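Residue numbering for the sequence shown follows the numbering used here, beginning at 512 and increasing consecutively.
Positions of the beta carbon are idealized from the N, C-alpha and C atoms, including for glycine.
All figures in this text were calculated on a predicted structure; none of them were measured in a lab.
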Amino acid sequence: MGGTEQTFVIVGASLAGAKAAETLRAEGFTGQVVLVGEETELPYERPPLTKGYLLGKEPREKAFIHDDAWYAEHQISLRLGKRATLLDTAAHTVTLDGVEQLRYDKLLLATGSRVRSLSVPGIEHSGVHYLRTMDESESLLGALRQLGADGRVVVVGAGWIGLETAAAAREHGAQVAVVEVAPLPLHRVLGDEVASVFRNLHAAHGVEFHFERGVREIGGDERGRVTSVVLDDGTELPADLVIVGVGIRPAVELAESAGLAVSDGVETDASLRTSNPDVYACGDVACFHHPVIGKRIRVEHWSNALNGGPAAARAMLGQQVEYARVPYFFTDQYDLGMEYAGYVEPGGYDQVVFRGDPSIVDGDAPEFVAFWLKGGRVLAGMNVNVWDVQDDIQALVRAGYAGRSVDVKKLADPGVPLTSLLT
512 MGGTEQTFVI VGASLAGAKA AETLRAEGFT GQVVLVGEET ELPYERPPLT
562 KGYLLGKEPR EKAFIHDDAW YAEHQISLRL GKRATLLDTA AHTVTLDGVE
612 QLRYDKLLLA TGSRVRSLSV PGIEHSGVHY LRTMDESESL LGALRQLGAD
662 GRVVVVGAGW IGLETAAAAR EHGAQVAVVE VAPLPLHRVL GDEVASVFRN
712 LHAAHGVEFH FERGVREIGG DERGRVTSVV LDDGTELPAD LVIVGVGIRP
762 AVELAESAGL AVSDGVETDA SLRTSNPDVY ACGDVACFHH PVIGKRIRVE
812 HWSNALNGGP AAARAMLGQQ VEYARVPYFF TDQYDLGMEY AGYVEPGGYD
862 QVVFRGDPSI VDGDAPEFVA FWLKGGRVLA GMNVNVWDVQ DDIQALVRAG
912 YAGRSVDVKK LADPGVPLTS LLT
């Protein structure tokens, strides 16, 4: 499919970008495929950076999607260590590092996201870490190993990255304090009812929380090494290492320079096509119309990159594509494994239903399923240490967004099969 004279350029040598390139070849595209990435590493998956690799349990190489030979075998041109600086949709060109121009017939933006920085005095001290790239994960792993059991780690931000790195630091033996402006960890995503489970889990593993607090400054010694984190109420937390995880923002600079429609990410339709008919977007950077949810959303998780790249590739080839996967993510913290499917905006639910007991007993992670409902309709579900229920949860979510309500008492009863709620 596709003439040999066509060139498809993918900007972003990410999971989404690599999977798009893989799909183009799998679907029979015989033209040129160019994969451009700012990092010098081969495309890799990000979950190991805060999970297996950061815990020292998995080798670095496990994160790579393919080895170098695979790209050569499939005639995919890798342009690593190159930054796309200008996109000219009229000329069908993209400029790398302000110098080299590539011509394209179709272009995919898989530029992902960038970490939000913390702007406080002392942020420049050594010992302050962000975590987005493989190099940053490697640096943090080395620092955690060097700290030892008496090391003091302060994590700024209690989102997914903050909690996963806090868990990793505790498993490395460090003392950990977490600072968060919200009243609970993951509060914006999970709400009071379920966010408290994660607070209790980390507290049971010795993590000290400082909620509804911001950072005033980061203290350091005469060598420029971090020594403390000072909160906005004057509390001083001793620190040998600081991890900043205050969120990410979509990398929309290239799209904006091209005049594409941009809001909370690069706007696309349900086929992941942008406001320009020859430019597509997927992964973290895309704010795509979701046909099930009925509005544009942006999803910052691994599964969206894994599935969005192939969907965009098929759309670039002219296939009829409707990207309608239920948003999904997962986390592993201590002995807690969790999967979440659905979409609920902050305050967008009126009831949380638990199937099972979410209590932490003797420090052990619980086993339960939680559902977020509005008007009796399931909008999202999360299984914690309960497995093989994702298909059922996603079916309930699809039914909920289609307007079907469920029997709440049966939903809460572990003895009632989830499949029976839709019959």
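Assuming residue i contacts residue j (C-beta within less than 8 Å), just tell me the rounded distance between them.
i	j	result
Gly819	Cys793	4 Å
Val690	Val705	So it is not a contact: roughly 21 Å between Cβ atoms.
Leu748	Val631	About 13 Å separates the two Cβ atoms, so there is no contact after all.
Val810	Ala822	At roughly 12 Å, the Cβ-Cβ gap does not stay under 8 Å, so Val810 and Ala822 are not in contact.
Ala824	Ala595	No, Ala824 and Ala595 are not in contact; Cβ-Cβ is about 18 Å, not under 8 Å.
Ile804	Tyr860	Their Cβ separation, rounded to whole angstroms, is 14 Å, which puts Ile804 and Tyr860 out of contact at 8 Å.
Val864	Leu847	With a Cβ gap of about 20 Å, Val864 and Leu847 do not count as contacting.
Pro761	Gly776	4 Å
Gly911	Leu890	5 Å
Gly867	Val919	Not really, about 15 Å apart at Cβ, beyond 8 Å.
His640	Ala654	7 Å
Gly633	Gly731	6 Å
Ala524	Leu607	No, Ala524 and Leu607 are not in contact; Cβ-Cβ is about 12 Å, not under 8 Å.
Gly892	Ala852	6 Å
Gly567	Leu642	With 8 Å as the limit, Gly567 and Leu642 do not qualify as a contact, their Cβ atoms being about 15 Å apart.
Asn894	Met849	7 Å
Ile729	Arg627	That belief does not hold up - the Cβ atoms of Ile729 and Arg627 are roughly 16 Å apart, past 8 Å.
Pro696	Ala679	Actually they are not in contact, since the Cβ atoms of Pro696 and Ala679 sit about 15 Å apart, beyond 8 Å.
Assign residue i to one of two classes, buried (16 or more other C-beta atoms within 10 Å of its C-beta) or exposed (fewer than that).
i	result
Gly673	buried
Val547	buried
Glu778	buried
Thr561	buried
Ala876	buried
Leu535	buried
Gln612	exposed
Lys573	exposed
Ser637	exposed
Thr551	exposed
Ser931	exposed
Asp751	buried
Pro928	exposed
Gln586	exposed
Gly858	exposed
Lys806	exposed
Val610	exposed
Ala583	exposed
Gln862	exposed
Leu907	buried
Ala537	exposed
Lys617	buried
Asp795	buried
Gly926	exposed
Val687	buried
Thr676	buried
Gln657	exposed
Arg734	exposed
Thr934	exposed
Ser739	buried
Check the DSSP bridge columns for residue i and list the partner residues they point to.
i	result
His521	With the sequence shown as reference, residue 521 is identified as Ile, and His is not the correct amino acid for it. Answer is Leu546, Leu619.
Phe575	Tyr555
Gly640	Here residue 640 turns out to be His, not Gly, going by the sequence shown. DSSP lists Ile754 as partners of His640.
Tyr791	Leu619, Arg784
Ala891	Gly853, Trp883
Thr606	Leu597, Gln612
Arg663	Gln686
Ser588	Val545
Val626	Ile759
Glu691	Phe722
Ala797	Val777
Below 7 Å, is the gap between the Cβ of residue i and the nearest heavy atom of the ligand FAD?
i	result
Gly848	Ligands are entirely absent from the displayed structure, and the ligand FAD is therefore not among its contents.
At what residue ranges does the stretch 800–887 contain a whole run of the alpha helix (DSSP H), taking only runs of 4 or more? Runs of the alpha helix (DSSP H) inside the stretch 800–887: 813–827.
Going residue by residue through the stretch 713–788, where are the continuous alpha helix (DSSP H) segments of at least 4 residues, counting only ones entirely within it? 764–768
For the stretch 589–603 and the stretch 768–778, state whether three or more C-beta atom pairs, one from each stretch, are separated by less than 8 Å. yes
Stretch-stretch touch, CB-based, cutoff 8 Å, three pairs: the stretch 807–814 with the stretch 833–840: yes
Counting Cβ pairs closer than 8 Å, one from the stretch 557–577 and one from the stretch 643–658, do we hit at least three? yes
Just checking, does the stretch 615–627 make contact with the stretch 709–726 on the three C-beta pairs under 8 Å criterion? No contact exists between the stretch 615–627 and the stretch 709–726.
At least 3 beta-carbon pairs within less than 8 Å: the stretch 866–880 vs the stretch 894–908: yes
Do the stretch 683–700 and the stretch 720–734 make contact, defined as three or more Cβ pairs closer than 8 Å? yes
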